[in-house]
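Structure, as structure tokens:
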Amino acid sequence: MTNDLMTKKYILKPGKHQFAPGSAAVHDNDNISDEEAEWYLARYPHIANLFASQPPEGGAKKQEQEIGDPNTKKTKGVGSLTPPSGGKGSL
Amino acid sequence: MSIYNKINAGFKLGIAEPITAGIEDVVYIFNQDDIALTYDITNPLIVTGLTAVSAAKVYKFEGTNNSFGTTSKLAKTQVGPRYTEEIDFNIAGLSVDIKTQLTAMGYGRVCAITVNNYKSSDSAIELFGAVNGLILTDAERNAADETLDGGYKLKLTNPDKLKEPYPPRAVSIAPQSGTATYASTIAALEALVAA
Chain A
26 MTNDLMTKKY
36 ILKPGKHQFA
46 PGSAAVHDND
56 NISDEEAEWY
66 LARYPHIANL
76 FASQPPEGGA
86 KKQEQEIGDP
96 NTKKTKGVGS
106 LTPPSGGKGS
116 L
Chain B
16 MSIYNKINAG
26 FKLGIAEPIT
36 AGIEDVVYIF
46 NQDDIALTYD
56 ITNPLIVTGL
66 TAVSAAKVYK
76 FEGTNNSFGT
86 TSKLAKTQVG
96 PRYTEEIDFN
106 IAGLSVDIKT
116 QLTAMGYGRV
126 CAITVNNYKS
136 SDSAIELFGA
146 VNGLILTDAE
156 RNAADETLDG
166 GYKLKLTNPD
176 KLKEPYPPRA
186 VSIAPQSGTA
196 TYASTIAALE
206 ALVAA
């Protein structure tokens, strides 16, 4: 059920959490996968604060795809080093 | 399975931190379904976080002259110990808004947090009604009463036939980094209080 802790994208803060007020406090970092975290976050947006870290917009799967695609990464890197003017006369 | 029916520590009387009576004249009240609770990973007696649903708030009721009080009492049942809880407080006012809040507390379930005068412990701040909530069972206003001078005498207790499975929970909320203290817990509470 749980993802490997090293690759897990959604990390719950320490403790046993209620996601819905009044429920039993059963959610902790050891029993929630990234998929479950995304499912709960979509339905209970207030629990966002209970997570220590979250992947960027689009969720964990999208982030994995971006990391796995070298072309996307390279283009991004070059883009971030090149000034908007194209590099001429920027200094 | 944890050993739940064996004591594992005693108590030593000392003069370093003698117990003192009473609670501060403030009670934080919130609708039970407005705030999600986080408990300590190993100890359900400790609440380590309060998370508001949407823009929900905690409401602070202030009093004076040591007029607020709390009671928790073990109630023996055939399935083990349960606890009844009571919070006595008052509102030194009279308005439509106050009446509206009191009516709501009579219908819906709330939870309440109080602050003990005895601060030298990890139970300085306590949450009542964690599982089944509390309901307003007494709301008395005697216009001629000199004790409250026409204010409201109020009591929050467990709803009919319901008890809590544990004594009042200690609230202990850590800051962004570091360990939980009385100050960090009060700061977290105040951050949720409606302006």
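So the protein lines, in turn, are chains A and B.
According to the working numbering, the first sequence is numbered sequentially starting from 26.
According to the working numbering, the second sequence is numbered sequentially starting from 16.
Where is the CB? At the ideal position from N, CA and C, for every residue including glycine.
B:D55: buried (16+ other C-beta within 10 angstroms of its C-beta) or exposed? Residue numbering aside, residue 55 of chain B sits at position 40 when the second sequence is read from its first letter. Around the beta-carbon of B:D55, 16 or more other beta-carbon atoms lie within 10 Å, marking it buried.
CA-CA distance, B:G84 and A:D59? As a working mapping, residue 84 of chain B is identified with position 69 in the second sequence. As a working mapping, residue 59 of chain A is identified with position 34 in the first sequence. If I take the Cα positions, the gap works out to 45 Å.
Listing by chain order, which chain E residues have their CB less than 7 Å from the CB of B:G64? The structure shown contains no chain E; its protein chains are A and B.
Tell me the DSSP secondary structure of B:S187 in three-state form. Along the second sequence, one-based indexing puts residue 187 of chain B at 172. It is coil, neither helix nor strand.
If we ignore side chains and look at the alpha-carbon of each, how far apart do B:E101 and B:G166 end up? As a first step, residue 101 of chain B is located in the second sequence; it is residue number 86 there, counting from the start. As a first step, residue 166 of chain B is located in the second sequence; it is residue number 151 there, counting from the start. Using only the alpha carbons, I get a separation of about 19 Å.
Helix, strand or coil for B:I38, going by three-state DSSP, please let me know. If you number the second sequence from 1, residue 38 of chain B lands on position 23. Judged by DSSP in its simplified three-state form, B:I38 adopts strand.
Hey, A:K41 and A:A77 are a contact pair by Cβ (cut 8 Å); roughly how many whole angstroms apart? The residue labelled residue 41 of chain A in the question sits at position 16 within the first sequence. The residue labelled residue 77 of chain A in the question sits at position 52 within the first sequence. In this structure A:K41 is not in contact with A:A77, their Cβ atoms being roughly 15 Å apart against a cut-off of 8 Å.
Thinking just about the alpha-carbon of each residue, which of B:V130, B:T79, B:M120, B:A71 is nearest to the one in B:T35? If you number the second sequence from 1, residue 35 of chain B lands on position 20. Of B:V130, B:T79, B:M120, B:A71, the residue nearest in Cα terms is B:V130.
Run through the DSSP bridge pairs and tell me what A:S78 is partnered with. Here residue 78 of chain A refers to the residue found at position 53 of the first sequence. Residue pairing by DSSP puts A:S78 in a beta bridge opposite A:I36.
With B:D112 as the anchor, note down where its alpha helix (DSSP H) starts and where it stops. Here residue 112 of chain B refers to the residue found at position 97 when the second sequence is read from its first residue. Bounds of the alpha helix (DSSP H) holding B:D112 are 111-122.
Quick check on this structure: which residue in B:E141, B:D48, B:T79, B:D40 has the alpha carbon closest to the alpha carbon of B:D164? Within the second sequence, residue 164 of chain B is the residue found at index 149, counting from 1. Looking at B:E141, B:D48, B:T79, B:D40, the one whose alpha-carbon comes closest to that of B:D164 is B:T79.
Along the segment 44-60 of chain B, what residues have a CB closer than 7 Å to any CB found in chain A? Correct list: Q47, D48, D49, I50, A51, L52, T53, Y54, D55, I56.
Simplified DSSP assignment, three categories, for A:Y69: Your numbering for residue 69 of chain A matches position 44 in the first sequence. Coil.
Selection of the segment 56-74 of chain A by Cβ proximity to chain B, strictly under 7 Å: Within the segment 56-74 of chain A, contact with chain B at the beta-carbon level (separation under 7 Å) is assigned to H71, I72, N74.
Nearest to B:L151 by alpha carbon, out of B:I140, B:Y181, B:N105, B:T162? The count along the second sequence starts at 1 and reaches residue 151 of chain B at position 136. Considering only alpha carbons, the answer is B:N105.
Give the interface partners of A:A45 over in chain B, defined as CB-CB distance under 9 Å, in chain order. Residue 45 of chain A sits at position 20 when you count from the first residue of the first sequence. Within chain B, the residues near A:A45 are D48, A51, V68.
Range covered by the alpha helix (DSSP H) that runs through B:T194: Locating residue 194 of chain B in the second sequence gives position 179, counting from the first residue. Unbroken run through B:T194: none, as it is neither H nor E.
I'd like the span of the beta strand (DSSP E) that includes B:S87, first residue to last. Numbered from its first residue, the second sequence carries residue 87 of chain B at position 72. For B:S87, the uninterrupted beta strand (DSSP E) segment begins and ends at 84-92.
Cross-strand partners of B:E161 (DSSP beta bridge): Within the second sequence, residue 161 of chain B is the residue found at index 146, counting from 1. DSSP lists no partner for B:E161.
Out of A:A62, A:H52, A:A49, A:L75, point me to the one whose CA is closest to A:K34's CA. Within the first sequence, the letter at position 9 stands for residue 34 of chain A. Taking only the C-alpha atoms, the option nearest A:K34 is A:A62.
Which residue from B:S135, B:S82, B:V62, B:P183 puts its Cα closest to that of B:K170? As a working note, residue 170 of chain B is residue 155 in the second sequence. Residue B:S82 is the option with its Cα nearest to B:K170.
Hey, out of B:I201, B:E155, B:D160, B:F76, whose CA is closest to B:A189's CA? By one-based count along the second sequence, residue 189 of chain B stands at place 174. Nearest C-alpha to B:A189: B:I201.
Can you grab the Cα-Cα spacing for the pair B:I18 / A:D53, in whole Å? On the second sequence, position 3 is the one that residue 18 of chain B refers to. On the first sequence, position 28 is the one that residue 53 of chain A refers to. Spanning the two alpha carbons is a distance of roughly 22 Å.
Would you identify the three-state DSSP class for B:I106, choosing helix, strand or coil? Start at 1 with the first residue of the second sequence, and residue 106 of chain B comes out as number 91. Correct three-state label for B:I106: strand.
Short of 6 Å in beta carbon distance, which residues of its chain neighbour B:A71, apart from the five on each side in sequence? Order them along the chain. Position 56 of the second sequence holds residue 71 of chain B. So the list reads D49, once near-sequence residues are dropped.
Please list, in chain order, the chain B residues whose beta carbon lies closer than 8 Å to that of A:A50. On the first sequence, residue 50 of chain A is found 25 positions in, with the first residue counted as 1. Going along chain B in sequence order, the residues near A:A50 (Cβ under 8 Å) are L52, T53, Y54, P59.
Compare the beta carbon distance of B:T172 and B:L149 with 8 Å and say whether it is the shorter of the two. Along the second sequence, read from residue 1 onward, the residue named residue 172 of chain B stands at position 157. Along the second sequence, read from residue 1 onward, the residue named residue 149 of chain B stands at position 134. With a cutoff of 8 Å on beta-carbon distance, B:T172 and B:L149 are scored as near each other.
When you compare only the Cα positions, how much space is there between B:A195 and B:A127? Here residue 195 of chain B refers to the residue found at position 180 of the second sequence. Here residue 127 of chain B refers to the residue found at position 112 of the second sequence. Cα atoms of B:A195 and B:A127: separation of roughly 20 Å, rounded to the nearest angstrom.
In the structure shown, what three-state DSSP assignment does A:D55 receive? As a first step, residue 55 of chain A must be located in the first sequence, where it is residue number 30. Coil, per DSSP.
To the nearest angstrom, report how far apart B:S69 and B:F26 are at their CA atoms. Your numbering for residue 69 of chain B matches position 54 in the second sequence. Your numbering for residue 26 of chain B matches position 11 in the second sequence. Answer to the nearest angstrom: the Cα atoms are 43 Å apart.
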